[in-house]
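Anchor point for the sequence shown: position 45 equals 47 in my numbering, and the numbering is continuous, going up by one each time.
The structure under discussion appears below in the form of structure tokens.
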Amino acid sequence: MALPRFLPLLHRAAWEFWLPLPLVAALFWTTGNFIAAQTLSRPYNSVNKLPADRQLNRRLPVTILSINAEIDRSLGVTTIFVNTSDSTLKKLEYEFPVTQTSQAEAAIAQELAMPVENVRKLIGYRIKN
């Protein structure tokens with residue numbers, strides 16, 4: 003007797019629409035996962051490969067305004083901050099595993115491809131213990 007009263011309630015709730023909806027959602031989810039797995043596991047052979055084992059040695063023509071060095075003796079590293087006048091490249095940051103000022107000057111001179119004398123004119127130090 004409870005079943006006949008239950009059927010009109012289901013009919014008003016549009017059970018014809020809601021009952022298969024989880025099945026359709028599960029089908030879409032399974033199909034989407036299968037297609038994504040097939041697409042992502044497919045091998046891709048590129049003709050133009052970028053070499054990953056070589057470093058690019060390209061120097062940008064910038065004017066260096068100042069060089070600030072922060073020597074952290076407890077960590078054994080020197081962090082170098084370079085301020086430039088270029089509008090697209092304002093700041094550069096380097097970190098070297100040295101704590102001596104002469105070694106830091108030589109490392110930054112080599113990195114920026116400029117003489118050590120010019121680095122000594124522009125550099126300022128801050129030492130942390």
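C-beta: ideal position from N, C-alpha, C; glycine also.
For E107 against V79, the beta-carbon gap comes to about 15 Å, at or over 8 Å, which does not count as contact. With respect to V49, I69 sits apart: the two C-beta atoms are not nearer than 7 Å. Rounded to the nearest angstrom, the Cβ distance from S87 to L67 is 6 Å, consistent with a contact under 8 Å. Around the C-beta of L21, fewer than 16 other C-beta atoms lie within 10 Å, and the residue is accordingly described as exposed. Counting only unbroken stretches of 3 or more residues, the beta strand (DSSP E) elements lying wholly within the segment 58 to 105 are 66 to 74, 79 to 86 and 93 to 98, in sequence order. Measuring C-alpha to C-alpha distances from K130 to each of Q102, N120, A109 and A115 identifies Q102 as the nearest.
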